[in-house]
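Before any comments, here is the structure.
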Amino acid sequence: MMVEMKTEGVLPDVLTYNTLIDGYGHMGYMDRAFHVLKQMIDESLEPNYWTYSIFLKHLFNRNLLDAIAVDIVDVWKLIKVDFVLDLLEEMAQHNCKPRLNTYNALIYGFCRAYRLEESYQLLSCMKEEGLSPNEETYTSLISCCCNLKRFTEASRFIDAIVECGSLPYLSSYRLLICGLCDEEMFEEAKIVFCKLTRSGFNHDEIVWEVILDGLHRKGHGNVSLELLSTLEESNCCPSDQTYAMVDKGRWLKPSYVLEPGLSNGFHCNLTKACAV
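Per UniProt numbering, the sequence shown starts with residue 1, numbered consecutively.
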């Protein structure tokens with residue numbers, strides 16, 4: 001079928017390969033499934049989360065005796081790390097050496113099921129293999145940590161990304177800051193926000209609007225006001241568009257006042273407002 005597709009000028013994609021792998025798995029032909037995986041990689045197509053979920057589902061079900069087979073949705077909630085290690089070993093035996101993206105997909109799977117300890121085990125394994133985690137790795141871990149309210153660990157992962165000379169995804173900052181505010185850990189949230197102002201995001205207006213809008217949507221309007229003041233103190237210059245949002249009363253208390261500006265519309269007296 002694959003040959004016929006290529007003859008017709010239709011190139012198989014990741015979904016095509018995933019479907020074939022799943023079909024072979026259902027028939028019990030795991031060797032053929034791994035052969036398809038090897039072919040997929042040779043074609044420069046990157047296996048994704050669903051690819052590895054399919055393999056783990058069939059490896060898990062292969063070891064069941066009288067239990068009901070599980071599907072992809074449940075497999076990450078039930079499997080042990082040993083099953084994942086078995087998958088990595090079988091991949092190597094079929095000349096599909098696990099790569100960074102392999103570990104990222106597996107860590108994402110455990111994080112999606114809120115199984116942080118298992119994710120940590122895989123993180124250790126990938127480091128032992130000489131693979132360094134990247135932004136995608138850390139983003140999965142940060143999201144899981146925040147969902148489990150383990151904010152100190154999430155903050156540590158953000159610091160690790162910065163130390164590597166990269167910028168964390170904006171969604172990670174937003175998730176952490178909003179999570180801290182949900183737990184009324186406002187000082188900790190401000191510390192994270194201040195780190196953000198010292199990063200490569202410091203003059204990116206979209207960043208401030210995304211973070212402040214996230215706080216607003218979570219009901220933390222007063223916190224967003226204080227952080228907007230922090231921006232000014234850090235020599236960052238929010239645009240008139242951001243102040244216009246404030247002027248519409250989206251984030252601030254009624255006592256907040258805008259003072260008319262001289263050249264381009266207006267300017268905010270945030271210090272006075274934060275003292276209210």
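Even for Gly, the Cβ is constructed at its ideal location relative to N, Cα and C.
Since we're looking at a predicted model, the values are computed, not measured.
Judged by beta-carbon spacing, Ser-171 lies beyond the 8 Å limit of Gly-109, meaning their Cβ atoms are not closer than that value. In this chain, Glu-184 is not harboured by any alpha helix (DSSP H), its DSSP state being neither H nor E.
Assigned with DSSP and collapsed to three states, Asn-18 falls in helix. A contact between stretches requires three or more CB pairs, one per stretch, nearer than 8 Å, and the stretch 98 to 113 meets this requirement with the stretch 136 to 151. Around the beta carbon of Thr-51, a 10 Å sphere encloses 16 or more other beta carbons of the protein chains shown; the residue is thus reported as buried. Using a 10 angstroms sphere on the CB of Cys-237, the tally of other CB atoms stays under 16, which defines it as exposed. In this structure, the straight-line span from the alpha carbon of Glu-117 to that of Ser-140 is close to 13 Å. In the structure shown, the three-state DSSP call for Arg-112 is helix.
Under the DSSP assignment, Asp-13 falls outside any alpha helix (DSSP H); it carries neither an H nor an E label.
For the pair Phe-55 and Ile-21, the CB atoms are nearer than the 8 Å cut-off. Taking every protein chain shown into account, the CB of Leu-78 has fewer than 16 other CB atoms within 10 angstroms, so this residue is exposed. Assignment of Asp-71 by DSSP, reduced to helix, strand and coil, places it in the coil class. Across the structure, Phe-34 and Leu-131 are spaced so that their CA atoms are roughly 22 Å apart. Per DSSP, reduced to three states, the secondary structure at Ile-79 is coil, with no helix or strand assignment.
Comparing C-alpha distances from Leu-122 to each of Lys-80, His-94, Phe-157 shows the shortest one belongs to Lys-80. Rounded to whole angstroms, the gap between the alpha carbons of Glu-43 and Lys-6 is 12 Å.
With 16 or more other Cβ atoms inside 10 Å of its own Cβ, Lys-57 counts as buried.
Rounded to whole angstroms, the gap between the alpha carbons of Glu-128 and Asp-86 is 16 Å. Looking at the backbone, the Cα of Gln-241 and that of Ile-142 are separated by about 30 Å. Out of Phe-151, Glu-8, Val-36, the CA that lies nearest to the CA of Val-14 is found in Val-36. In this structure, Leu-45 lies away from Tyr-24, with their beta-carbon atoms at least 8 Å apart.
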